[in-house]
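I have placed the structure first, in the form of structure tokens, so that the comments after it can refer back to it.
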Amino acid sequence: HEYFRRILCQMIGRWVEAGEAPADINLLGEMVKNICFNNARDYFSIELN
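Going letter by letter, the sequence shown gives residues 44 to 92 in the numbering used here.
So this is what it looks like as structure tokens:
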């Protein structure tokens, strides 16, 4: 999982450098959080308090 996140962040960084994604740390942080955490949480219907 950690390796996946590293590859994902490197890919997003390349997108930003190439002008293909905005250099908005809040937006990109949410995107990474959604991909790495929220999607799995929602798919498996896990409730966290």
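We treat Cβ as the ideally placed atom computed from N, Cα and C, and that holds for glycine.
*asked:* For F48 and V75, I'd like the C-alpha separation in whole angstroms.
replied: On the sequence shown, position 5 is the one that residue 48 refers to. On the sequence shown, position 32 is the one that residue 75 refers to. Note on identity: in this sequence residue 48 is Arg, with Phe being the wrong assignment. Roughly 8 Å separates the two Cα atoms.
_Whole angstroms are fine: how far does the CA of L91 sit from the CA of D67?_
If you number the sequence shown from 1, residue 67 lands on position 24. If you number the sequence shown from 1, residue 91 lands on position 48. Spanning the two alpha carbons is a distance of roughly 27 Å.
*Three-way DSSP call (helix, strand, coil) for A83 in this model*: For this step, residue 83 is matched to residue 40 along the sequence shown. Correct three-state label for A83: helix.
*CB of I89 within 7 Å of CB of L71, strictly*: Here residue 89 corresponds to residue number 46 of the sequence shown, with the count starting at 1. Here residue 71 corresponds to residue number 28 of the sequence shown, with the count starting at 1. Not in contact: I89 and L71 (Cβ atoms no closer than 7 Å).
*What is the DSSP secondary structure of I78, counted as helix, strand or coil?*
Within the sequence shown, the letter at position 35 stands for residue 78. Correct three-state label for I78: helix.
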